[in-house]
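Colleague:
Residue numbers (the working numbering): 773 to 930.
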């Protein structure tokens, strides 16, 4: 291996270790905290999700409507931040899970939803509001088969 390849390998190993260490510290910070990391076929971290105890309680209290919004190219690596939210009693969106995903692909979105469904009573969700991303819609339709999926008015007008 060349010096450049060795340096890249060290940085990558360091990044992976830092992510793992951060998730462990996050999980240990308080009871009810949930975090997970999903790896792609190459063993690289491709999806990281986090949810606090408060987020879990919000979803348990108001699970009927789930809002899904993924913001593209949120950093220099062009990762996406995907937020799953509920609508609170005041009509405001409240996050129930944050995910950082490597790219917009079905597998990544399926991993986000799978990690959400593992720790939540997701069958109680009856309506999901999304932007106009067709990948998201198809994944959500397959994984929330009983929920109705609506497009966000704001995104439709764009």
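From the three backbone atoms N, C-alpha and C, an ideal C-beta is built for every residue, glycine too. Here the structure is a predicted model, which is why all the values come from computation and not from measurement.
1. How would you write the range of the beta strand (DSSP E) that residue 853 sits in, first residue to last?
2. Inspect the CB distances between the region 857-872 and the region 807-821 and report whether three or more fall short of 8 angstroms.
3. Determine the burial state of residue 849: buried for a count of at least 16 other Cβ atoms within 10 Å of its Cβ, exposed for fewer.
4. Quick one: is residue 802 buried, meaning 16 or more other Cβ sit within 10 Å of its Cβ, or exposed?
5. Terminal residues of the continuous alpha helix (DSSP H) containing residue 878?
6. Buried or exposed for residue 847, going by 16 or more other Cβ atoms inside 10 Å?
7. Please classify residue 722: does DSSP put it in a helix, a strand, or coil?
8. Can you tell me which of 830, 897, 860, 843 puts its alpha carbon nearest to the alpha carbon of residue 904?
9. Straight-line CA distance for residue 831 to residue 908?
10. Could you say which of 867, 856, 860, 862 lies nearest to residue 886 if we only look at CA atoms?
11. I need the straight-line Cα distance from residue 838 to residue 799, nearest angstrom please.
12. Going by beta-carbon coordinates alone, are residue 891 and residue 924 separated by less than 8 angstroms?
13. Output yes or no for whether 8 angstroms exceeds the beta carbon distance between residue 913 and residue 835.
14. Sort out for me which residues DSSP pairs residue 870 with in a bridge.
15. Using the C-alpha atoms, what's the distance from residue 790 back to residue 882?
Modeller: Short version:
1. 852-859
2. Judged by Cβ distances under 8 angstroms, the region 857-872 makes contact with the region 807-821, as three or more pairs qualify.
3. exposed
4. exposed
5. 878-891
6. exposed
7. Because the chain spans 773 through 930 in this model, residue 722 falls outside it and cannot be assessed.
8. 843
9. Put simply, the backbone Cα of residue 831 is about 20 angstroms away from that of residue 908.
10. 856
11. 24 angstroms
12. no
13. No, Cβ-Cβ distance for residue 913 and residue 835 is not below 8 angstroms.
14. Paired residue(s): 822, 855.
15. 24 angstroms
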